[in-house]
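Visitor:
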Amino acid sequence: MDIDIRKKICINCGRNADNLYHQYEKNIIRLSICKYCNRYVDKYIEDDYPLICIDIFLQNIKAYRHVLINEDVTSKLTVVMVLLMNETFVKWYKLIKINENDNNDIHYTAVMFYTTTVQIILGYFIYCLILKFMYFIITKEKIQIISYNKEFTNCVLGSYGYAYKTLVIIWDIEEHWLTIFLYSLIIILSHIQIQRTLNPSLSKYIITFCVIISLIFKESIEYYIS
Numbered sequence: 001m002d003i004d005i006r007k008k009i010c011i012n013c014g015r016n017a018d019n020l021y022h023q024y025e026k027n028i029i030r031l032s033i034c035k036y037c038n039r040y041v042d043k044y045i046e047d048d049y050p051l052i053c054i055d056i057f058l059q060n061i062k063a064y065r066h067v068l069i070n071e072d073v074t075s076k077l078t079v080v081m082v083l084l085m086n087e088t089f090v091k092w093y094k095l096i097k098i099n100e101n102d103n104n105d106i107h108y109t110a111v112m113f114y115t116t117t118v119q120i121i122l123g124y125f126i127y128c129l130i131l132k133f134m135y136f137i138i139t140k141e142k143i144q145i146i147s148y149n150k151e152f153t154n155c156v157l158g159s160y161g162y163a164y165k166t167l168v169i170i171w172d173i174e175e176h177w178l179t180i181f182l183y184s185l186i187i188i189l190s191h192i193q194i195q196r197t198l199n200p201s202l203s204k205y206i207i208t209f210c211v212i213i214s215l216i217f218k219e220s221i222e223y224y225i226s
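At the far end of the sequence shown sits residue 226, using UniProt numbering, and the numbering has no gaps.
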């Protein structure tokens, strides 16, 4: 089910690749051709990060394969920390706005921030467990976990949609149902695409169902313990 055991893959067909490119000199490389689909194994090797981020935003599965597997962004702790802090800020700010007339003490707000951080981390642990459990129930396949750190990181990466909520807060944009719908949709789609990338043998419908149910459990638990 998982593809952590793979080294590199073709972003087009998703099959194993021996290498992404051939390097002839220090600054001269030639992209490898996939022996299965006869296309470049990973065209994003030569692209800048802003271009890759655009394709990620557009939910291009090829960009996800590059980032999660070939680039292996999961090994970069900084990315995970930034995403966790961003989601913490969004949910902490919401609590502050709700309780702004009750207690304005700076120590109280600091405690709320740390508490929210713990709730979010716990929420992602629950999300990972429920997701794996649902995969097992539906597919009846043995759950293979190569690395608990990678499993947790992959789940957290889907939260980048909260960055758009942060921009709404910073720019003081009036929040209405359309704004909430848009960034919620981005979050759901990003989680789905990440799971599709890491579980290519599963149907996209199964993944979509499992992700949505797991996210509902995650948000419900965070709300219950808040």
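No residue lacks a Cβ here, since even glycine has one placed at the ideal position from N, Cα and C.
No experiment lies behind these values; they were computed from the predicted model shown.
May I ask you to report which of helix, strand or coil DSSP gives R65?
Guide: The residue given as residue 65 occupies position 65 in the sequence shown. If DSSP states are grouped into helix, strand and coil, R65 belongs with the helices.
Visitor: Note down the Cα distance separating residue 261 from V67, rounded to an integer number of angstroms.
Guide: Coverage of the chain is limited to positions 1 through 226, which leaves residue 261 absent and any answer about it impossible.
Visitor: Can you tell me where the alpha helix (DSSP H) with Q119 in it begins and where it stops?
Guide: Residue mapping note: residue 119 aligns to position 119 of the sequence shown, counting from 1. First-last of the alpha helix (DSSP H) with Q119: 106-139.
Visitor: Can you tell me the Cα-Cα spacing of T166 and P50, whole angstroms?
Guide: Numbered from 1 along the sequence shown, position 166 holds the residue referred to as residue 166. Numbered from 1 along the sequence shown, position 50 holds the residue referred to as residue 50. Computed Cα separation, rounded: 19 angstroms.
Visitor: On a CA-only basis, which of D105, M134, H22, K7 is nearest F217? Give me that one, please.
Guide: Here residue 217 refers to the residue found at position 217 of the sequence shown. Answer by Cα proximity: M134.
Visitor: Report yes or no: do the segment 8-22 and the segment 37-49 share at least 3 C-beta pairs separated by less than 8 angstroms?
Guide: Counting C-beta pairs closer than 8 angstroms gives three or more between the segment 8-22 and the segment 37-49, which meets the contact rule.
Visitor: In the structure shown, what three-state DSSP assignment does C196 receive?
Guide: Counting from 1 along the sequence shown, the entry for residue 196 is found at position 196. For the sequence presented, residue 196 should be read as Arg rather than Cys. Helix at R196.
Visitor: How many angstroms separate the CA atom of A63 from the CA atom of N70?
Guide: Position 63 of the sequence shown holds residue 63. Position 70 of the sequence shown holds residue 70. Distance between the alpha carbons of A63 and N70: 10 angstroms.
Visitor: Any chance you could list the alpha helix (DSSP H) runs of at least 4 consecutive residues sitting entirely within the segment 158-199, in chain order?
Guide: 162-170, 177-198
Visitor: Write down the C-beta distance between A163 and N86 rounded to the nearest angstrom, noting that I regard them as a contact closer than 8 angstroms.
Guide: Position 163 of the sequence shown, counting from 1, holds the residue named residue 163. Position 86 of the sequence shown, counting from 1, holds the residue named residue 86. Indeed they touch by this definition, with Cβ atoms about 6 angstroms apart.
Visitor: Does the distance from the C-beta atom of I130 to that of I206 stay below 8 angstroms?
Guide: Your numbering for residue 130 matches position 130 in the sequence shown. Your numbering for residue 206 matches position 206 in the sequence shown. Not in contact: I130 and I206 (Cβ atoms no closer than 8 angstroms).
Visitor: For the segment 14-80, which segments carrying the beta strand (DSSP E) assignment without a break, of at least 3 residues, lie completely within its bounds, in sequence order?
Guide: 21-25, 28-31
Visitor: Only counting the same chain, and skipping five residues up and downstream in sequence, which positions put a Cβ closer than 8 angstroms to that of N19?
Guide: Your numbering for residue 19 matches position 19 in the sequence shown. Correct list, in chain order: K8, S32, V41.
Visitor: Helix or strand or just coil, what does DSSP make of K8?
Guide: Translated into positions along the sequence shown, residue 8 becomes position 8. DSSP places K8 in strand when its eight states are reduced to three.
Visitor: Using 8 angstroms as the cut-off, can you tell me whether the segment 107-117 makes contact with the segment 179-189, which would need three or more C-beta pairs spanning the two stretches below that distance?
Guide: With a cut-off of 8 angstroms, the segment 179-189 and the segment 107-117 do not count as touching, because too few Cβ pairs lie within range.
Visitor: Helix or strand or just coil, what does DSSP make of N86?
Guide: Here the question's residue 86 lines up with position 86 in the sequence shown. Helix, per DSSP.
Visitor: As a quick exercise: from C210, Y114, L198, Y36, pick the residue whose alpha carbon is nearest that of T153.
Guide: Along the sequence shown, one-based indexing puts residue 153 at 153. Checked all of C210, Y114, L198, Y36; the closest Cα to T153 is L198.
Visitor: Kindly indicate the opening and closing residues of the alpha helix (DSSP H) around S147.
Guide: If you number the sequence shown from 1, residue 147 lands on position 147. Per DSSP, S147 belongs to no alpha helix (DSSP H) and is neither H nor E.
Visitor: Secondary structure at N154, three-state DSSP: helix, strand or coil?
Guide: Position 154 of the sequence shown, counted from the first residue, corresponds to residue 154. Note: N154 maps to helix in three-state DSSP.
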